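Asks:
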Amino acid sequence: MIRYLIKNNLKIMYRSPVNILLYVLCPIVISAVLIGAFSAMMESYEGAKEFTVGYRTEQNSAFEQSVGAIVEAGKQNGITFAEYQSGEPEELIKEHKLGAFVEFGSETYTIYDTQDTKTESGTLQYMLTAMVNASVSGDYSKVQFKTETPFFVPAVNSTDYYGIIYIVYFGWCALVCAAGLFSNERKHRIDERLLVSNLSVPQQYLARFIPLVAVVSGGIGIASVVGGLIMGVHWGNIALSAAIVLLSVMAATAMEMMIYELTHSMLASIIISFGIVWVLGYIGGSFETYMFSTHPEWLKQLDPIYHENRALVELSTMGHSDYVASAILLLSGLLTVFSLLNLAVGSIRRKAQ
0 MIRYLIKNNL KIMYRSPVNI LLYVLCPIVI SAVLIGAFSA MMESYEGAKE FTVGYRTEQN
60 SAFEQSVGAI VEAGKQNGIT FAEYQSGEPE ELIKEHKLGA FVEFGSETYT IYDTQDTKTE
120 SGTLQYMLTA MVNASVSGDY SKVQFKTETP FFVPAVNSTD YYGIIYIVYF GWCALVCAAG
180 LFSNERKHRI DERLLVSNLS VPQQYLARFI PLVAVVSGGI GIASVVGGLI MGVHWGNIAL
240 SAAIVLLSVM AATAMEMMIY ELTHSMLASI IISFGIVWVL GYIGGSFETY MFSTHPEWLK
300 QLDPIYHENR ALVELSTMGH SDYVASAILL LSGLLTVFSL LNLAVGSIRR KAQ
């Protein structure tokens, strides 16, 4: 009996192809628009490996004897020194596209930079500090940069970010696909007939839950494949990412079915569900990129969409994420809680008949 109901519910849902098509087209279209709009903002910065520095030396400067060694050390470290006898340092930087400018005074040196050349001026400062320290012993040949690579989360581009985030977001709007099914049930009073049937409350719940999850997952699954092939969205660990997205669809479906059980109104259920999902998405990075958001960290940590977005994006950029476990735990918890609530409400309705 339950297999017949699942099959019949799938047929009813496929009679509303527009609802299903939304799950294929909307994530692709919205992702494409946002990828284009925010591609420049999310480009990762690449520091200059080699650059030119302007300089001038005052007469009788304490650095006169050291300038030759400084220029030579600069060549060994990718810094070319060009001498300018006149001109304002800031203007020379802009005119000649210099990384920085240094004036060697009588006892001290002064470094000039612009807002766009902070990295280069910092590199120059590091080298000159090393040279000054080396001047104590007079041995400039051993001046080298000490480089370290600290742990960092790699930057994600707009293609991967929005191509993933909106698959997640539309997966949380599962109730749209159930519109045709629930409307058909109310029209033919099928829900009332099921209350007095031999089907148990869990069987009635699964007869709705399974086809709804299958249709939503199929729609966003197609959108994910199209996004990967056409836009080049990179999902990282595909199997684990798919499992997390599927689990989120199941949790969202359980939550929205519970809302429908309480309201018994499709319009009210959609308004309430979309309100909840919008707030969770806003906090979780669906609209304001979570890397740049100013929401308190404790608020993000309460949001299942944030954990899911963070896990999937980091799987894409790094191949692993500390948020995978928390995302799975939160989504599993939501699925369990809302499924139990659905069963409880269904049992109460049956007893009331």
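Under numbering that gives the first Met the number 0, the residues of the sequence shown are numbered 0 to 352, in order. Glycine included, every Cβ here is placed at the ideal spot set by N, Cα and C. No experiment lies behind these values; they were computed from the predicted model shown.
1. Three or more C-beta pairs under 8 Å: does that hold for the segment 157 to 173 against the segment 91 to 98?
2. Measure the CB-CB distance between Arg348 and Glu255 and report whether it falls below 9 Å.
3. For Ala177, I'd like the list of residues in its chain whose CB is within less than 7 Å of its CB, leaving aside the five on either flank, ordered along the chain.
4. Contact defined as beta carbons within less than 8 Å: I believe Leu340 pairs with Met257. What is the distance between those atoms, to the nearest angstrom?
5. Since Ile1 is in the beta strand (DSSP E), which residue starts that stretch and which ends it?
6. Residue range of the beta strand (DSSP E) that Phe80 falls in?
7. Identify the residues that DSSP records as bridge partners of Phe50: which are they?
8. Have a look at Ser338 and Ala253 and give me their C-alpha separation to the nearest angstrom.
9. With H, G and I counted as helix, E and B as strand and the rest as coil, what does DSSP make of Glu313?
10. Taking contact to mean 3 or more Cβ pairs, one atom from each stretch, closer than 8 Å, check whether the segment 23 to 38 and the segment 202 to 222 are in contact.
11. Please state the DSSP three-state secondary structure of Val17.
12. Are there 16 or more other CB atoms within 10 angstroms of the CB of His306, so buried, or fewer, so exposed?
13. Could you check how far apart the C-beta atoms of Met317 and Ile34 are, in whole angstroms? I think they sit under 8 Å.
14. Is the number of C-beta pairs between the segment 105 to 113 and the segment 64 to 81 that are closer than 8 Å three or more?
15. Between which residues of its own chain and Val248 is the CB-CB distance below 7 Å, once the five residues before and five after are set aside?
16. Note down the Cα distance separating Asn59 from Gly73, rounded to an integer number of angstroms.
17. Apart from the five residues on each side of it in sequence, which residues of its chain come closer than 6 Å, Cβ to Cβ, to Val70?
18. Please confirm whether Gly332 and Ile304 have their CB atoms less than 9 Å apart.
19. Going by the CB atoms, is the gap between Leu301 and Pro201 shorter than 9 Å?
20. Use the C-beta contact count for Thr335: other C-beta atoms within 10 angstroms, 16 or more gives buried, fewer gives exposed.
21. Thr252 by DSSP, collapsed to three states: which one?
22. Does DSSP put Val225 in a helix, a strand or coil?
23. Let me know if Ala326 comes out buried or exposed under the rule of 16 or more other beta-carbons within 10 Å of its beta-carbon.
24. According to DSSP, Glu102 sits in a beta bridge with which residue or residues?
25. With burial defined as no fewer than 16 other Cβ atoms inside 10 Å of the residue's Cβ, what is the status of Leu298: buried or exposed?
26. Secondary structure at Cys25, three-state DSSP: helix, strand or coil?
27. Could you give the residue range of the alpha helix (DSSP H) that holds Asp159?
28. Following a CB-centred definition, is Ile1 positioned closer than 8 Å to any heavy atom of the ligand FAD?
29. Roughly how far, in whole angstroms, is the beta-carbon of Tyr289 from the beta-carbon of Asn308, given that I think they are within contact range, below 8 Å?
Replies: Per the coordinate set shown:
1. no
2. In the sequence shown, the residue the question calls residue 348 occupies position 349. In the sequence shown, the residue the question calls residue 255 occupies position 256. No, these two residues do not count as a Cβ contact at 9 Å.
3. Sequence index remark: in the sequence shown, residue 177 carries index 178 (1-based). Only Leu211 meet the Cβ criterion.
4. Position 341 of the sequence shown, counted from the first residue, corresponds to residue 340. Position 258 of the sequence shown, counted from the first residue, corresponds to residue 257. Indeed, because the Cβ distance is near 5 Å, the residues count as touching under 8 Å.
5. Within the sequence shown, the letter at position 2 stands for residue 1. Careful: Ile1 lies outside any beta strand (DSSP E), inside the alpha helix (DSSP H) at Ile1 to Tyr13.
6. Within the sequence shown, the letter at position 81 stands for residue 80. That run of the beta strand (DSSP E) goes Ile78 to Glu82.
7. Along the sequence shown, one-based indexing puts residue 50 at 51. DSSP lists Ile78 as partners of Phe50.
8. Translated into positions along the sequence shown, residue 338 becomes position 339. Translated into positions along the sequence shown, residue 253 becomes position 254. So the alpha carbons of these two residues sit roughly 6 Å apart.
9. Numbered from its first residue, the sequence shown carries residue 313 at position 314. DSSP places Glu313 in helix when its eight states are reduced to three.
10. yes
11. Position 18 of the sequence shown holds residue 17. Here Val17 sits in helix by DSSP.
12. What you label residue 306 is simply residue 307 of the sequence shown in a count that begins at 1. Buried.
13. The count along the sequence shown starts at 1 and reaches residue 317 at position 318. The count along the sequence shown starts at 1 and reaches residue 34 at position 35. In this structure Met317 does not touch Ile34 by the C-beta definition: roughly 21 Å separates them, more than the 8 Å allowed.
14. no
15. Here residue 248 refers to the residue found at position 249 when the sequence shown is read from its first residue. Once the five neighbours on either side are set aside, the close Cβ partners of Val248 are Gly170, Ala173, Val212, Val215 and Ser216.
16. Counting from one through the sequence shown, the residue named residue 59 turns up at place 60. Counting from one through the sequence shown, the residue named residue 73 turns up at place 74. Spanning the two alpha carbons is a distance of roughly 22 Å.
17. Residue numbering aside, residue 70 sits at position 71 when the sequence shown is read from its first letter. Same-chain partners within the cutoff: Phe80.
18. One-based indexing of the sequence shown puts residue 332 at position 333. One-based indexing of the sequence shown puts residue 304 at position 305. Against a cut-off of 9 Å, the Cβ pair of Ile304 and Gly332 comes out as no contact.
19. Residue mapping note: residue 201 aligns to position 202 of the sequence shown, counting from 1. Residue mapping note: residue 301 aligns to position 302 of the sequence shown, counting from 1. No, they are not a contact pair.
20. Counting from one through the sequence shown, the residue named residue 335 turns up at place 336. That one is exposed.
21. Here residue 252 is taken as the residue at index 253 of the sequence shown, counted from 1. Here Thr252 sits in helix by DSSP.
22. Against the sequence shown, residue 225 aligns to sequence position 226. In the structure shown, Val225 sits in a helix (DSSP, three-state: H, G or I).
23. In the sequence shown, residue 326 corresponds to position 327, counting from 1. So Ala326 ends up on the buried side.
24. Numbered from 1 along the sequence shown, position 103 holds the residue referred to as residue 102. Its beta-bridge partners are Arg55 and Thr109.
25. Indexing the sequence shown from 1 puts residue 298 at position 299. It is exposed - the Cβ of Leu298 has fewer than 16 other Cβ atoms within 10 Å.
26. On the sequence shown, position 26 is the one that residue 25 refers to. Three-state result, Cys25: helix.
27. Here residue 159 refers to the residue found at position 160 of the sequence shown. It spans Ser157 to Gly170 - the alpha helix (DSSP H) in which Asp159 sits, taken as one unbroken run.
28. Questions concerning the ligand FAD fall outside what the structure shown contains, since it holds no ligand whatsoever.
29. Looking up residue 289 in the sequence shown gives position 290. Looking up residue 308 in the sequence shown gives position 309. About 6 Å; that satisfies the 8 Å criterion.
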